[in-house]
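In my numbering, each number is its position in the sequence shown, counted from 1, plus 112.
Following: one structure in structure tokens, then a few remarks.
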Amino acid sequence: MIPLYGALAILSAAMATFIALNHPLWPALLAVALVVWSVAVCLRPLLWLAVLPACLPLAGFSPWTGWIGVEEFDLLCLGAAAGSLSRLVLQRMLPARWLPAAGTGADGRGDDRPATGAARVATDPRRRLPGSRDSCRRQRLALIGLALLMASCLFAAWRGLLAAGGPPLDWFDGYEEPLNSLRVAKSFLLSLLLLPSLRCLLHGEPRRSAGCLAGGIVAGLAVVVLAALAERLAHPGLLDFTTAYRTTALFWEMHVGGAALDAFLALTLPFAVRPLLRAPAPGSWLAAALLAVLACYAFLTTFSRALYLGMAVAVVVLVCCLRRQAAHQCRPQLRWRARANRVLAVILIGEVLLVAGLGEFMGSRLAGGERDLVGRLTHWQESLGLLQGGSDILFGRGLGRFPADYSTQVAGREMPGRLQLIDDATGRHLGLSGTRWRAPQRGRWELLQRVPAPLAAPYALSLAARSAQPAVLVASVCRQHLLYPAACVESAVLIPGGAGDWRRIELRLHPGARVPASRLLPAAGFFSLRLLGQSEFVELDELRLIDDGGRQLLANGDFSQGLARWFFAARHYFLPWHVDSLYLEMLLDQGALGLGLLLALLALAIINLSRVPQREHELAPYLLAGLLACMTAGLFVSVLDMPRVAFLFYLLLCCSLFIDHCPGGVVPSAASSGEVPDSPRSV
113 MIPLYGALAI LSAAMATFIA LNHPLWPALL AVALVVWSVA VCLRPLLWLA VLPACLPLAG
173 FSPWTGWIGV EEFDLLCLGA AAGSLSRLVL QRMLPARWLP AAGTGADGRG DDRPATGAAR
233 VATDPRRRLP GSRDSCRRQR LALIGLALLM ASCLFAAWRG LLAAGGPPLD WFDGYEEPLN
293 SLRVAKSFLL SLLLLPSLRC LLHGEPRRSA GCLAGGIVAG LAVVVLAALA ERLAHPGLLD
353 FTTAYRTTAL FWEMHVGGAA LDAFLALTLP FAVRPLLRAP APGSWLAAAL LAVLACYAFL
413 TTFSRALYLG MAVAVVVLVC CLRRQAAHQC RPQLRWRARA NRVLAVILIG EVLLVAGLGE
473 FMGSRLAGGE RDLVGRLTHW QESLGLLQGG SDILFGRGLG RFPADYSTQV AGREMPGRLQ
533 LIDDATGRHL GLSGTRWRAP QRGRWELLQR VPAPLAAPYA LSLAARSAQP AVLVASVCRQ
593 HLLYPAACVE SAVLIPGGAG DWRRIELRLH PGARVPASRL LPAAGFFSLR LLGQSEFVEL
653 DELRLIDDGG RQLLANGDFS QGLARWFFAA RHYFLPWHVD SLYLEMLLDQ GALGLGLLLA
713 LLALAIINLS RVPQREHELA PYLLAGLLAC MTAGLFVSVL DMPRVAFLFY LLLCCSLFID
773 HCPGGVVPSA ASSGEVPDSP RSV
């Protein structure tokens, strides 16, 4: 395996370097950071297990770069893969004292204290604990299943590339172009690149690995919670639960709808319980309790019924698992912590009732469940109609093909807009397509660029445009986090139809009544262009936006750098981008074969987390609750077409498949750790 690891390390480093050097904003900085990161992981492989989940919400800058198929989180994963695989190779080539194997630190000491009693029995290969043979058999089955799923994923990605027209790929490809196939495939493939290091860490340093993974997940959850609080503070208000505003946090993938935040919270919220149950002192417990309260707020303000259902399942699973885990540890409890957790439970229940009672939006969402389910069933039926013939049913349509296939093959479901870079004799410019619907517009689709949030002052916009048919173009500068514009400075202009003639247009954008004269809190803003009503195609070039201070706010207004700095978003109408089911998206992308393999791996992971002889692995309850919550929410939302969240899903799945049921990986006994855990009553 060492030659294979070496080849994969070189491939990962080469791909990461190629991406970094082509980054539209910071190529040199990212290239240097990539080298530092890879070397750090090579020296301390446990780093990636904590850093990747912690930085997952932050490592995405699509609204600034214009990239959709590639993002900065890919660099983190590829750098971690290059560093961790290189370490596995170098450990075979260098003396052990230079790069100690997993399970020993820099000082040569092991991960855990010397094995005594039952621990010695478990680590002695001649005296295995009951169930260890079954665990090894399950892990072999998991490796076979992952290998088959990898083959299915690669085949489906190839089919998707061919269906989209094949290479060459473009950095700014969208959801209907070839790069989208690799965008959907990369999460699973990146998790497989990290699998050798993950298995080595879980087997050799189980307690440190558990601590790093859980700590990284909690840190990532804290980042998302703070982002959600800032978003709601700047837009609807912390206590406004009536406005139809659903939190998106830092998941820019939701610019065309989807459930990235929902899936992330389903996977990570169970881990917020761990620091509450392990807090050694009141101060650390208070910090964990504050995170739990704020995380509950973020969870509630998604107003996602699928997430609510998933978390109900997670709560039941956690209570059952933690009670069973505590029942096998006959040790005294910390009474203050047990009482504090009961008080916190009452506070969280009160928080749920407060959000439900203070506003009307949650009530309207819950009341409209039956109506929306009918619409969801219609959407699923239309999506399943894309599978034509035995090959589609067995192998799927190809990764990433749903947006293009659904919008072109289902009547009345086409995309509300598209972007297209055009190179002709006059240079490079942008083609903006609008909706072709004869019926009233059901949604909004707009071209965006990040600018400071507007104040009560006019803006001057100039652009060159041409259109074969008359079109109405609406330009605005709005206070906007992602999907919901507010306090806009805007104006509309009529573009006359003409035979290939460019027209220079200048207009003033005037502030509305809600635009503030000053800004007390920092708020994000977007410059927006959208076609109003039914319009076929408009070409744009030489965009300039000047504020009242004479500053030019737009970058790459001539599109000479492609779509760098430009972004787009849809509103209200998201059907062409998501099938709204984890299981249906797998069926459409990889067919019954891929869906069957994924379900088999999930079942194997659940069995592996549940079938422990006497004492559970420390992370087993949280992994099981997170996976089951995501699987439950996945009945009604897509997960795998959101790359960052899909990576976390696959990472937790791999952890669940390969955690060791050995003394190093289970909850430590009182004799070995000295920690005083909770009794069943304290859970």
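Beta carbons are placed, not taken as given, at the ideal position from N, Cα and C, and that holds for glycine.
Predicted, not measured: the structure shown is a model, and the values here were computed from it.
Residue of the options minimising C-alpha distance to residue i
i           : options            : result
residue 367 : 688, 696, 718      : 688
residue 691 : 488, 356, 682      : 488
residue 637 : 630, 565, 571      : 565
residue 314 : 729, 757, 714      : 729
residue 202 : 253, 245, 119, 429 : 119
residue 208 : 127, 259, 155      : 155
residue 252 : 716, 733, 764, 735 : 716
residue 133 : 187, 149, 168, 470 : 187
Beta-carbon proximity of residue i to residue j, cut-off 9 Å
i           : j           : result
residue 658 : residue 574 : yes
residue 652 : residue 543 : yes
residue 122 : residue 182 : no
residue 161 : residue 310 : yes
residue 124 : residue 305 : yes
residue 452 : residue 410 : no
residue 757 : residue 166 : no
residue 736 : residue 324 : no
residue 378 : residue 327 : no
residue 755 : residue 185 : yes
residue 404 : residue 384 : yes
residue 627 : residue 599 : yes
residue 164 : residue 189 : yes
Residue i classed as buried or exposed, judged by whether at least 16 other C-beta atoms fall within 10 angstroms
i           : result
residue 664 : exposed
residue 364 : buried
residue 330 : buried
residue 76  : As shown, the chain starts at 113 and ends at 795. That puts residue 76 outside it, with no answer to give.
residue 303 : buried
residue 517 : buried
residue 248 : exposed
residue 142 : buried
residue 501 : exposed
residue 490 : exposed
residue 556 : buried
residue 474 : buried
residue 180 : buried
residue 508 : buried
Pairwise C-alpha distance: residue j and residue i
i           : j           : result
residue 390 : residue 397 : 8 Å
residue 486 : residue 561 : 36 Å
residue 739 : residue 642 : 40 Å
residue 255 : residue 541 : 49 Å
residue 336 : residue 159 : 20 Å
residue 523 : residue 481 : 25 Å
residue 287 : residue 512 : 7 Å
residue 503 : residue 766 : 29 Å
residue 590 : residue 370 : 23 Å
residue 712 : residue 770 : 15 Å
residue 597 : residue 533 : 26 Å
residue 221 : residue 322 : Note that residue 221 scores 48 on pLDDT, short of 50, meaning its location in the model is unreliable; the coordinates nonetheless yield the value given after this. Looking at the two C-alpha atoms, the distance is approximately 18 Å.
residue 197 : residue 308 : 7 Å
residue 372 : residue 661 : 38 Å
residue 608 : residue 525 : 28 Å
residue 677 : residue 483 : 39 Å
residue 242 : residue 722 : Note that residue 242 scores 46 on pLDDT, short of 50, meaning its location in the model is unreliable; the coordinates nonetheless yield the value given after this. Distance between the alpha carbons of residue 242 and residue 722 is about 15 Å.
residue 583 : residue 494 : 32 Å
residue 269 : residue 505 : 16 Å
residue 261 : residue 283 : 27 Å
residue 610 : residue 650 : 11 Å
residue 497 : residue 546 : 26 Å
residue 796 : residue 362 : Within the shown structure, residues of the chain are numbered from 113 to 795, placing residue 796 beyond reach of any answer.
residue 733 : residue 246 : 20 Å
Element boundaries [alpha helix (DSSP H), containing residue i]
i           : result
residue 623 : Element bounds for residue 623: not the alpha helix (DSSP H) but the beta strand (DSSP E), 615–623.
residue 340 : 318–346
residue 179 : Element bounds for residue 179: n/a, residue is neither H nor E.
residue 405 : 394–412
Boundaries (first-last residue) of the beta strand (DSSP E) holding residue i
i           : result
residue 502 : Careful: residue 502 lies outside any beta strand (DSSP E), inside the alpha helix (DSSP H) at 502–507.
residue 637 : 636–644
residue 545 : 539–545
residue 598 : 598–607
residue 536 : 530–536
residue 557 : 556–564
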